[in-house]
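K.L.:
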Amino acid sequence: KSEIIMELIINNRKVFIATGGKEFDANKPALIMLHGAGMDHTVWSMQARYFAHHGFSVLNPDLPGHGRSDGLPPASIPEYANWVLGLISELGGHEIHLIGHSMGSLIALASSASLGEKVVKQALLGVLPHIQVHPNLLGAAQKNEHSAYETVVGWGVGSKAQIGGNKAPGAWVSGTSMRLLEASKPGVLGNDLNACNNWEEGLEACSNVLCPTLLLLGSNDKMTPPKGTKIMSETLRESTTITLPDAGHMMMVEQPEQTLDALISFFEN
Numbered sequence: 007k008s009e010i011i012m013e014l015i016i017n018n019r020k021v022f023i024a025t026g027g028k029e030f031d032a033n034k035p036a037l038i039m040l041h042g043a044g045m046d047h048t049v050w051s052m053q054a055r056y057f058a059h060h061g062f063s064v065l066n067p068d069l070p071g072h073g074r075s076d077g078l079p080p081a082s083i084p085e086y087a088n089w090v091l092g093l094i095s096e097l098g099g100h101e102i103h104l105i106g107h108s109m110g111s112l113i114a115l116a117s118s119a120s121l122g123e124k125v126v127k128q129a130l131l132g133v134l135p136h137i138q139v140h141p142n143l144l145g146a147a148q149k150n151e152h153s154a155y156e157t158v159v160g161w162g163v164g165s166k167a168q169i170g171g172n173k174a175p176g177a178w179v180s181g182t183s184m185r186l187l188e189a190s191k192p193g194v195l196g197n198d199l200n201a202c203n204n205w206e207e208g209l210e211a212c213s214n215v216l217c218p219t220l221l222l223l224g225s226n227d228k229m230t231p232p233k234g235t236k237i238m239s240e241t242l243r244e245s246t247t248i249t250l251p252d253a254g255h256m257m258m259v260e261q262p263e264q265t266l267d268a269l270i271s272f273f274e275n
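Structure representation (structure tokens):
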């Protein structure tokens with residue numbers, strides 16, 4: 007079955023949104039899925055399809071300047087969060103649920119801190135209160151050097167997934183991740199990493215979040231090490247932490263089934 011998509015105009019720019027194979031229905035609980043730096047909606051393909059067929063209206067967008075969405079990427083996490091608020095306002099969704107990975111987790115966190123009681127639950131994957139980016143990586147990404155993609159894949163994909171063995175025949179997590187970054191528009195990865203590096207208000211946002219939060223972590227995550235989230239769990243009003251054994255930063259691609267199981271247990275209870 008072909009993918010059902012939406013194309014909206016937000017801030018005078020076309021936005022591409024995948025919906026997990028079901029038409030968006032504003033009367034159902036809305037689930038907004040936010041991808042990470044330099045990526046696009048495809049990282050959520052498996053999880054989006056499940057939730058779209060189990061009671062949620064899924065909004066899985068290419069963020070501005072990413073994938074098939076027009077415009078420039080917002081320069082900061084607060085600007086990205088304002089874009090999410092605009093998306094919600096445009097579609098009129100209710101019972102908002104947020105899922106974010108890496109940069110997307112920071113955007114989700116900033117959004118839910120602003121939205122208050124409008125957000126029912128949020129899941130943050132591969133998250134830290136402040137995602138610091140090594141100056142060498144940031145510099146390479148801002149110059150569009152291929153070494154930046156190599157560094158992100160080398161650090162972002164867990165050790166076990168680096169050597170293959172994916173359940174889907176022919177699937178190669180490292181290679182797929184590299185192609186995805188290579189397909190990004192010039193300057194986008196550098197912009198996104200800079201936005202993460204400059205946002206230091208993560209703990210302040212945690213203190214303003216009203217909804218239950220899932221912190222979904224990979225035990226082998228070198229980019230956002232799990233131990234760094236302890237202070238987040240202590241600051242959030244209500245949080246659950248799940249750590250996936252052997253998973254790296256790209257857990258929803260490396261371990262799609264385990265990631266989905268954790269999300270199901272959180273969002274459907």
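If you count by my numbering, then the sequence shown holds residues 7 to 275, one letter each, in order. We treat Cβ as the ideally placed atom computed from N, Cα and C, and that holds for glycine.
Taking only the alpha-carbon atoms, compute the straight-line gap between LEU143 and THR157 and give it to the nearest angstrom.
P.N.:
7 angstroms
K.L.:
Tell me the residue span of the alpha helix (DSSP H) that contains VAL133.
P.N.:
It is not in any alpha helix (DSSP H) - VAL133 carries neither H nor E in the DSSP assignment.
K.L.:
Report back the beta-carbon spacing between PRO196 and ALA129 to the nearest angstrom; my notes put them in contact at under 8 angstroms.
P.N.:
Before going further, note that residue 196 is Gly rather than Pro in the sequence given. Between ALA129 and GLY196 the Cβ distance is about 27 angstroms, and since that is not below 8 angstroms, they are no contact.
K.L.:
Mapping DSSP to helix, strand and coil, what is VAL64?
P.N.:
In the structure shown, VAL64 falls within a strand segment according to DSSP collapsed to helix, strand and coil.
K.L.:
Along the chain, where does the beta strand (DSSP E) that runs through LEU220 open and close?
P.N.:
From DSSP, the beta strand (DSSP E) with LEU220 extends over 219-224.
K.L.:
Would a C-beta distance cut-off of 8 angstroms place LEU115 and CYS202 closer than the cut-off?
P.N.:
No.
K.L.:
What's the C-alpha gap between ILE83 and GLU123?
P.N.:
21 angstroms
K.L.:
Are the Cβ atoms of ALA54 and GLY26 separated by less than 8 angstroms?
P.N.:
yes
K.L.:
If we ignore side chains and look at the alpha-carbon of each, how far apart do THR219 and PHE273 end up?
P.N.:
10 angstroms
K.L.:
Since THR247 contacts SER239 with CB under 8 angstroms, what's their CB separation in whole angstroms?
P.N.:
Sure, about 6 angstroms apart at Cβ, within 8 angstroms.
K.L.:
Using DSSP with H/G/I as helix, E/B as strand and the rest coil, what is MET12?
P.N.:
Here MET12 sits in strand by DSSP.
K.L.:
Straight-line CA distance for GLU206 to ILE11?
P.N.:
34 angstroms
K.L.:
Flag ASN275 as yes when its Cβ comes closer than 7 angstroms to any non-hydrogen atom of the ligand NAP, and as no otherwise.
P.N.:
Among the components modelled here there is no ligand, and therefore nothing to report on the ligand NAP.
K.L.:
So, at 7 angstroms on beta carbons, what are the nonlocal neighbours of PRO251 in its own chain, with the 5 sequence-adjacent residues on each side left out?
P.N.:
SER225
K.L.:
CB PHE30 to CB LEU65, shorter than 8 angstroms?
P.N.:
yes
K.L.:
For the beta strand (DSSP E) holding LEU250, just list the boundary residues, first then last.
P.N.:
Segment 245-250, the beta strand (DSSP E) holding LEU250.
K.L.:
Taking 8 angstroms as the threshold (C-beta atoms), are ALA253 and GLU260 in contact?
P.N.:
yes
K.L.:
Just checking my contact of LEU222 with PRO232 at CB under 8 angstroms: how many whole Å lie between their CB atoms?
P.N.:
Wrong, their Cβ atoms sit about 10 angstroms apart, outside the cutoff.
K.L.:
Skipping 5 residues on each side, what residues in its chain have a beta carbon closer than 7 angstroms to that of TYR56?
P.N.:
LEU266
K.L.:
Give the straight-line distance between the Cα atoms of ALA177 and MET184, rounded to the nearest whole angstrom.
P.N.:
With a pLDDT of only 49 at ALA177, under the threshold of 50, the placement of this residue in the model should not be trusted, and no figure is reported.
K.L.:
Below 7 angstroms CB to CB, which residues in the same chain sit around LYS191 once its five sequence neighbours on both sides are set aside?
P.N.:
GLY71
K.L.:
Going by C-alpha to C-alpha distance, which of TYR155, ASN275, ALA24 sits closest to ASP68?
P.N.:
The residue with the shortest Cα to Cα distance from ASP68 is ALA24.
K.L.:
On the criterion of 16 or more Cβ atoms from any shown chain inside 10 Å, does ALA36 qualify as buried, or is it exposed?
P.N.:
buried
K.L.:
Buried or exposed, going by whether 16 or more other CB atoms sit within 10 Å of the CB of LEU78?
P.N.:
exposed
K.L.:
Could you work out which residue in THR48, LEU97, LEU134, HIS100 is closest to ILE113 when comparing CA atoms only?
P.N.:
LEU134
K.L.:
With burial defined as no fewer than 16 other Cβ atoms inside 10 Å of the residue's Cβ, what is the status of ASN275: buried or exposed?
P.N.:
exposed
K.L.:
Could you give the C-beta distance for LEU187 and THR48, rounded to a whole number, given that I count them as a contact under 8 angstroms?
P.N.:
That belief does not hold up - the Cβ atoms of LEU187 and THR48 are roughly 12 angstroms apart, past 8 angstroms.
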